[in-house]
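Since the structure comes first, as structure tokens, the remarks are kept for the end.
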Amino acid sequence: QELKKEIEAAELTDAAKLEAYRIQYIGAKGAIKGLYGFLKTVPNEQKKEFGQLINGLREIAEQRFNEAKENLENNASGNTEKIDLSRPGSAFEIGARHPLSVVRKEIISIFERIGYTISEGPEVEDDWHNFSALNFPPEHPARDMQDTFFVEKEGDQEWALRTHTSSVQVRVMENQKPPIRTISPGRVYRNEAISARAHCFFHQVEGLYIDKKVSFADLKQTLLYFAKEMFGEKTEIRLRPSYFPFTEPSAEMDISCTICNSKGCNVCKYTGWLEILGCGMVDPNVLDACGIDSKVYSGFAFGMGIERITQLKYRVNDLRLYSENDLRFLEQFISA
Ligand code: PHE
Numbered sequence: 006q007e008l009k010k011e012i013e014a015a016e017l018t019d020a021a022k023l024e025a026y027r028i029q030y031i032g033a034k035g036a037i038k039g040l041y042g043f044l045k046t047v048p049n050e051q052k053k054e055f056g057q058l059i060n061g062l063r064e065i066a067e068q069r070f071n072e073a074k075e076n077l078e079n080n081a082s083g084n085t086e087k088i089d090l091s092r093p094g095s096a097f098e099i100g101a102r103h104p105l106s107v108v109r110k111e112i113i114s115i116f117e118r119i120g121y122t123i124s125e126g127p128e129v130e131d132d133w134h135n136f137s138a139l140n141f142p143p144e145h146p147a148r149d150m151q152d153t154f155f156v157e158k159e160g161d162q163e164w165a166l167r168t169h170t171s172s173v174q175v176r177v178m179e180n181q182k183p184p185i186r187t188i189s190p191g192r193v194y195r196n197e198a199i200s201a202r203a204h205c206f207f208h209q210v211e212g213l214y215i216d217k218k219v220s221f222a223d224l225k226q227t228l229l230y231f232a233k234e235m236f237g238e239k240t241e242i243r244l245r246p247s248y249f250p251f252t253e254p255s256a257e258m259d260i261s262c263t264i265c266n267s268k269g270c271n272v273c274k275y276t277g278w279l280e281i282l283g284c285g286m287v288d289p290n291v292l293d294a295c296g297i298d299s300k301v302y303s304g305f306a307f308g309m310g311i312e313r314i315t316q317l318k319y320r321v322n323d324l325r326l327y328s329e330n331d332l333r334f335l336e337q338f339i340s341a
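In full-length UniProt numbering, the protein residues as written are 6 to 341.
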């Protein structure tokens, strides 16, 4: 009776369990074979009844085995037959380029078309490349213009996260001879509270052109070309006097607001102009500091924030959107 219960309760859900069952109950050394051995010791008048009981048990055990075996085999072959090769695959989602990458690529390609190379440099910079070579006097408040993240002090050497990619241009000037025509795209860091209009990091493309007799007119034409390529043929530019330690004279450039219409415009605040970059003629002190003779060569430089350009191009009104990885934002650039 006990054996019968065991046999009926045995789990036969896979091939390994089935084999274990076979060995335990119906194999040559199994429990049922053992009962047949026991038959010898049973008194003659009970042998018949006992024999019938064991036979019955064996039948039950074998039947269970055969049924389970058949089930397992059917399932296995059934599975392969059920694969439908004509069924369409499950769709997988396609990612999008980040809007800042889209715009960075576009800015780069605009300048590549007029012969600019691309240069890159480290994000952790020393004082010389981020400040001193760029004519920031020591202890001068101009250094505070760019709230710097200082990283570490090694003796006199102070390491900081670069506050602009002008540092890359210092490296280019130190290592190459004019004519130099290069742009440096990259991430920069400033210690500012994070809000819709400021972030502790952003991206820049800065440009540098150095040759003999480079003039402010060259700067203006280059930037006009850029503005038209980036924002459309009708775009106008305007330069306003400004100050940077590394350029003299310095200017800030606005583009005409193409978003304005008769209903007015809250992007340019109804002025018709949008500030997009800083620029100027490279200060002779900078050329000399970088080993370029300022009596022979002159040049211009400019720098823009990719976030700002993207904001105008795609009407993004909050800087934080760029780094929050919200798919609802990012998905809008799939076709860009
Ligand atoms: N380096 C300046 C900034 O980060 C931008 C700039 C570059 C201005 C070149 C003038 C000339 O704000």
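The C-beta atom is built at its ideal place from N, Cα and C for all residues, glycine as well.
| Query | Result |
| --- | --- |
| For Gln174, name the three-state secondary structure that DSSP assigns. | helix |
| Might you give, ordered along the chain, the residues of its own chain that have their beta carbon closer than 6 Å to the beta carbon of Lys34, omitting 5 neighbours on each side? | none |
| Taking the beta carbon of Asn79 as the centre, do at least 16 other beta carbons fall within 10 Å, making it buried, or is it exposed? | exposed |
| Beta carbon of Ala284: closer than 7 Å to some heavy atom of the ligand PHE? | In the sequence as displayed, the identity of residue 284 is Cys instead of Ala. Yes; taking the cut-off as 7 Å, the Cβ of Cys284 has a heavy atom of the ligand PHE nearer than that. |
| How many Å lie between Gly100 and Phe334 at the Cα? | 12 Å |
| Using beta-carbon positions only, say whether residue 345 and Phe307 come within less than 8 Å of one another. | In the structure as shown, the chain begins at 6 and stops at 341. Residue 345 is therefore absent and cannot be evaluated. |
| When the distance is taken between beta carbons, is Thr240 closer than 8 Å to Thr263? | yes |
| Measuring from the CB of His169, is there a heavy atom of the ligand PHE at a distance below 7 Å? | yes |
| Hey, which unbroken runs of the alpha helix (DSSP H) at 4 residues or more fall wholly within the segment 85-128? | 104-117 |
| Do Gly308 and the ligand PHE come close, with the Cβ less than 7 Å from some heavy atom? | yes |
| Reducing DSSP to helix, strand and coil, say where Ser299 ends up. | coil |
| Name, in chain order, the residues that DSSP records as bridge partners for Tyr194. | Phe206 |
| By alpha-carbon positions, which one of Gln209, Gly160 and Ile199 ends up nearest to Thr168? | Gln209 |
| Starting from Tyr248, trace the beta strand (DSSP E) both ways and give me its first and last residue. | Ile242 to Phe249 |
| Candidates Met258, Leu279, Ser255 and Pro254: which alpha carbon is nearest Cys265's? | Leu279 |
| Counting Cβ pairs closer than 8 Å, one from the segment 195-208 and one from the segment 284-297, do we hit at least three? | no |
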